[in-house]
Structure formats: structure tokens, C-alpha cells
Amino acid sequence: MRLKGVVTGGLIGLMIGASIGFLILYSEITSLKERERHLEDEIASLQQSELAKALSDKESQIARLENAVTESQSQIQVLEARIEAIQSSNISIIAVSFSRTESTSQLLRYWIGRANLSIIVVVYAFTQDALGDALIEAKNKGVEVQIIIDNKYVNLQGSEFNRLKEAGILIKSDTRSADMHHKFIIIDGYIVGTGSYNWSQAAEEENDENLILLRSRNLADKYISEFKRLWG
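Residue numbers (my numbering): 377 to 608.
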């Protein structure tokens, strides 16, 4: 009986010892798992912090680039404005023609044919068929054509007035008591042709006349203002 009691007591002692050891191990495991969770949280926090920093750096770089683009665009606008101002103020000679020694009509027809947007003609006499044909062709290509001639030449024999009007061109006669003695053309709002040259066969073949073609938007604007005054 004593032996049995000793054995039983020993088993109980072993069981208690094992239980205590298990509890200790479980406690350590729990502690390690808790520490693992803390480490994972720290890693996640660190990763988020690094991501946030990276995003912040990226956003900062984007902001710097956007500012640089805005500054460049501003500088481009300033330069374009300066170029426009220079182009507007500068006057360059395209061509000079003296009739009888060369074909002024041919020069005019060439530049009429190059018009893309608009042609304004203000001329005292208009009886030259070739120039009328050139303007009708330009109108048929979609170019806006506007013409003013002196009233005395509306019904004159050989006048282009009615033919141009029938072709759909906007044409008016100046009916004031004073003579409308201008002779100029404006092409696309920046090319000006002016001089003594009337748009007649006599000016082309018989008279000594002159025409100068100039490139200047500023100058063209002044001639356009005069055209608008006469057009009404």
C-alpha cells in the first residue's frame, strides 16, 4: 500500500509539474504571439509611413513640375506677345511694280490667288476683266471678298461692278459727292497693296502707274479702319 501511494503521489507530482510547465510554455507562446502582433503592427505602420512619405515626395515633385510648366507657359505667352508686337509694328516690302514696264495686274492676281481668308478692295475705277476673274475665283474658293468702287464707275462701259455683284461678291459704290480716289487691297488682314494703280486696262497698258505690296498687320488695321468708314 505504501508503494502504491508513493507511485500515485509521484504521478500526481509529474502531472502537476507538466501542467505548470505547459502553463509556462503557453504563457511564453502567448507572449511571443503578442510580441509578433506588435512587430507586425510596427511593420505595417512603418510601411504606411514609407508609403506616405513616398507619396508625399511624389506629390511634391508633381507640384514642382506643374509650377515649372506654368512658369514656362507664362514665359511663352510673354515671348509670343513680344513677337506679335514686333510683327505688327514691322513693315516688310513684298514687291514693287511699275505698270507698262511690267505686269502689275499679274502681280495682283498672284496674291489674290494666295488669299485664304479675306480680300478687301477699295479702288476708284474697276474695269479690268482679269482682276475681276481672279476675285470671283477667290470667292468661289471660300474667301470673303468685299469691294468698294467710286459711284461714277458703277454703270460705266466695261465696269466690273454688276458682274462681280452677280457672282455673289459683296460690292458697294461710294455715293458721296467727293471722289473716292483710293486704290488699295488688303489680303488676309496683313498684306496691303497700295499706289496709283487703278484696276483698269488703261492703268495696265497705257499709264505710268505704281503699286507696292507690304506685309504689316498694324498697317493693314489702319487701312481696314478706312474701309469700314467707307463701307458704313
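The beta carbon of each residue, even a glycine, is placed where N, CA and C say it ideally should be.
Check your understanding: Looking at the structure shown, is Q453 part of a helix, part of a strand, or coil, going by DSSP?
Key -> helix
Exercise for review: Go ahead and pull the three-state DSSP assignment for N466.
Suggested key: coil
Point to revise | In chain order, each beta strand (DSSP E) run of at least 3 residues that lies wholly inside the stretch 501-573 | key: 520-526, 546-550, 559-563, 567-571
Exercise for review: Out of I467, T480, E478, state which residue places its alpha-carbon closest to the alpha-carbon of L595.
Suggested key: I467
Practice item. Have a look at R476 and E456 and give me their C-alpha separation to the nearest angstrom. Key: 43 Å
Review point. To the nearest whole angstrom, what separates the beta carbons of R539 and Y566, a pair I think is in contact under 8 Å?
Key: About 28 Å; that fails the 8 Å criterion.
Exercise for review: Verify whether the separation of the beta carbon atoms of F560 and T570 is less than 8 Å.
Suggested key: yes
Review point. Do you know offhand how far L606's Cα is from I547's?
Key: 12 Å
**Study point:** A491 burial status per 10 Å Cβ neighbour count (16 or more: buried)
**Key:** buried
Point to revise | Boundaries (first-last residue) of the beta strand (DSSP E) holding L587 | key: 586-591
Review point. Taking the Cβ atom as the reference point for each residue, do A554 and Y529 lie within a distance shorter than 8 Å?
Key: no
Point to revise | Length of the line joining the Cα atoms of V499 and D597 | key: 17 Å
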